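Q: Got a structure for you, written out below as structure tokens; questions coming shortly.
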Amino acid sequence: MNHHTRSKNLFERAQQVIPGGVNSPVRAFKAVGGQPLFIKEARGAYITDVDGNQYVDLINSWGPMILGHAHPIIEESVASALKGSVSFGAPTEAEVEMAALICSMVPSIEKVRMVNSGTEATMSAIRLARGFTGRDKVIKFEGCYHGHGDSFLIAAGSGALTMGVPNSPGVTEGVARDTLIARYNDLSSVKRLIEANPKEIAALIVEPVVGNMGCVLPQDGFLEGLKSVCSSEGIVLIFDEVMTGFRLAPGGAQQIFGVAPDLTTLGKIIGGGMPVGAFGGKREIMDFISPDGPVYQAGTLSGNPIAMAAGLAMLSHLKEHQEQVYAALNQTTEQIVTGIRSELKLLDLPYQINQIGSMMSLFFTPQKVIDFESVASSDSEIFKKYFQNMLAQGIYLPPSQYESWFISTAVTSEVIEQILEANRLSLQQLSK
Ligand code: KE4
């Protein structure tokens, strides 16, 4: 049995000086109980905590570490950039290269602005859509998470849902009034909102594949239907690809499903693990952003040279080696899903597994998981036990039912075997 003495002591100290002892709520393990792990280092598929316990990492910093940890191409690029100072607050060549690379990988993006997080990207995209259309309201989907911007903390997923505050205090009535909630995979719920708010809706923002309810896939025709209704109503369609961007394909979910949004928000993988976000899309919309346009948006560290060095190394590698990278990610994840499913079939335990590319989630419910309501039918108590069993077996899963697992190219066949053996033992424990 692993001991977590140093993590325990650090957590006690942390709670004296950091709210909840963490810098992002989901890290506190509130939904799964037990001692949050303080991490010392990571390499490849493995992460090591401050007590020396090693785990297979299926969080991968919530997506960014798609090549595994401490990948040499990222480390070398950052080390080289470090020699020239870490920040200028002035334009650099790396930012031009980064923008051009993103535009080449995501065809719907004609111009792109770098920011420092996914939240900044979605906040900026919404403000831009409101400025471009002159309208105030925004449609989002119950259970989707777009960062902690006020407009999005209504029926939000991910950590907000995990903490039981999908509608956060501190968001004013005025802001909440402008956020309309639709049901994922339910086009009629979108049409009803549009009929009730004619010519008032600036944007519709959606996770094209949801990661923040756990992994939930769009049903046939859903994304195409959103595009059609937004086009006919003059509503800016925003794909929040902070999680799916560069993970499901070089061009993200929009490449997989063949639906081009007006704007795309990006984060996570784009920075290779450094704090980077971005929003981009149609030139006619992006030109509304300051300094050429009237919609103000700014950031001291936007396009930071070290972050650009990491992002450029990551995206260039994914673009150049896309055939083998995405084939490997998809094959690895499918092998893990097949292995877990074959064990589950032996038990009398209702389950669903949703998977696309290197994103997957395990739910303990007999219902197909296609929206927030069906996600909510999943037995979170069983998930909690499964999470703790897997952790005890050396597998570090996202500490919430409302999160996707993230697979990296560092997950070899030996690591797959380790995951599946841990799963077998964890499920055995459950069925006792
Ligand atoms: P950040 O501000 O956390 O960089 O990005 C916000 C965001 C926006 N859009 C999507 C689709 C996202 O998944 C996220 C952030 N994802 C969560 C994990 N589900 C971040 C983890 C955390 O909150 O600590």
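Quick note on numbering: the sequence shown equals residues 1038 to 1469 in the numbering used here.
Every residue gets a Cβ at the ideal spot worked out from N, C-alpha and C, and that includes glycine.
Values in this document were obtained by computation on a predicted structure and should not be read as measured data.
Candidates E1210, I1242 and F1424: which alpha carbon is nearest S1161's?
A: S1161 has its Cα closest to that of I1242, out of E1210, I1242 and F1424.
Q: Can you name the residues that DSSP bridges to H1106?
A: According to DSSP, H1106 bridges with G1081.
Q: What is the C-beta distance between T1370 and G1394, in whole angstroms, given that I count them as a contact (C-beta under 8 Å)?
A: About 7 Å separates the two Cβ atoms, so the contact holds.
Q: Taking the C-alpha atoms as reference points, what is the distance between S1450 and E1049?
A: The straight-line gap from Cα to Cα measures roughly 38 Å.
Q: What's the gap between the Cα of M1323 and the Cα of E1237?
A: Roughly 21 Å separates the two Cα atoms.
Q: For R1064, which option in G1196, L1303 and S1468 has the closest C-alpha, if you only look at C-alpha atoms?
A: Taking only the C-alpha atoms, the option nearest R1064 is G1196.
Q: Are the stretch 1338 to 1347 and the stretch 1286 to 1304 in contact at 8 Å, needing three or more beta carbon pairs?
A: Contact fails: fewer than three Cβ-Cβ distances are below 8 Å.
Q: DSSP has M1396 in a bridge; who is on the other side?
A: DSSP, once it has assigned bridges, lists I1393 and F1443 as partnering M1396.
Q: Quick one: using the 10 Å Cβ neighbour count with 16 as the cut-off for buried, is K1405 buried or exposed?
A: Exposed.
Q: With DSSP run on the structure shown, which of helix, strand or coil describes A1233?
A: If DSSP states are grouped into helix, strand and coil, A1233 belongs with the helices.
Q: Hey, out of F1066, N1426, D1329 and I1111, whose CA is closest to E1440's CA?
A: Comparing Cα positions, the closest option is F1066.
Q: Return the residue from the list L1352, A1079, F1276 and I1096 that minimises the CA-CA distance to G1251.
A: Per the Cα distances, I1096.
Q: So is D1277 buried or exposed if we call it buried at 16+ other beta carbons inside 10 Å?
A: With 16 or more Cβ atoms within 10 Å of its Cβ, D1277 is classed as buried.
Q: Among G1282, A1239, N1391 and P1203, which residue has its Cα nearest to the Cα of R1378?
A: It is N1391 whose Cα lies nearest to the Cα of R1378.
Q: State the Cα-Cα distance for the pair G1308 and K1469, rounded to the nearest angstrom.
A: About 44 Å.
Q: Under 7 Å Cβ to Cβ from K1077, same chain only, skipping five residues before and after it: list those, please.
A: Closer than 7 Å at the Cβ level, and outside the excluded window around K1077, lie T1085, D1086 and V1087.
Q: Taking the continuous alpha helix (DSSP H) assigned at V1452, which residues delimit it?
A: Element bounds for V1452: S1450 to S1468.
Q: Kindly identify the DSSP beta-bridge partner or partners of G1251.
A: N1249, per the DSSP bridge assignment.
Q: Where does R1013 land, buried or exposed, given buried means 16+ other C-beta within 10 angstroms?
A: Residue 1013 lies beyond the stretch modelled for the chain, which goes from 1038 to 1469, so this question has no answer here.
Q: Check for me: the beta strand (DSSP E) holding Q1091 runs from which residue to which?
A: Start and end: Q1091 to D1094.
Q: What is the DSSP secondary structure of I1238, reduced to helix, strand or coil?
A: Three-state DSSP puts I1238 in a strand.
Q: Determine the direct distance from the alpha carbon of T1156 to that of A1286, and round the result to whole angstroms.
A: Each residue's Cα considered, the two are about 22 Å apart.
Q: Is R1284 near the ligand KE4, with its Cβ less than 7 Å from a heavy atom?
A: Incorrect: R1284 has no Cβ contact closer than 7 Å to the ligand KE4.
Q: DSSP puts L1300 in a beta bridge; with which residues?
A: According to DSSP, which records beta bridges pairwise, L1300 is partnered with I1275 and G1318.
Q: Name the DSSP bridge partner or partners of Y1433?
A: Beta-bridge pairing links Y1433 to D1094.
Q: Kindly give me the distance between the Cβ atoms of D1173 and R1167, rounded to whole angstroms, as I take these residues to be in contact under 8 Å.
A: Going by Cβ atoms, the distance from D1173 to R1167 rounds to 6 Å, so yes, they are a contact pair.
Q: Using a Cβ-based criterion (distance less than 7 Å to any ligand heavy atom), does E1440 qualify as near the ligand KE4?
A: Flag set: Cβ of E1440 near the ligand KE4.
Q: For the beta strand (DSSP E) containing R1014, name the first residue and the last one.
A: The question about residue 1014 has no answer, for the chain in this structure spans 1038 to 1469.
Q: From which residue to which residue does the beta strand (DSSP E) around A1219 run?
A: A1219 -> beta strand (DSSP E) spans T1216 to A1219.
Q: Kindly examine the ligand KE4 and report whether one of its heavy atoms sits closer than 7 Å to the Cβ of F1266.
A: Correcting the residue type first, residue 1266 is Val in the shown sequence and not Phe. No, the ligand KE4 has no heavy atom inside 7 Å of this Cβ.
Q: In the DSSP assignment, find the unbroken alpha helix (DSSP H) run with K1045 in it and report its ends.
A: That run of the alpha helix (DSSP H) goes T1042 to V1054.
Q: Does the distance between the C-beta of D1094 and the nearest non-hydrogen atom of the ligand KE4 fall short of 7 Å?
A: Outside the cutoff, so no.
Q: For G1126, count the other beta carbons within 10 Å of its own beta carbon; 16 or more makes it buried, fewer makes it exposed. Which is it?
A: The residue is exposed, with fewer than 16 neighbouring Cβ atoms inside 10 Å.
Q: With distance defined between alpha-carbon atoms, name the residue in G1288, E1270, G1201 and L1384 nearest to I1146.
A: With distances taken between Cα atoms, I1146 lies closest to G1288.
Q: Considering only heavy atoms of the ligand KE4, does any lie closer than 7 Å to the CB of S1154?
A: S1154 Cβ: within cutoff of the ligand KE4.
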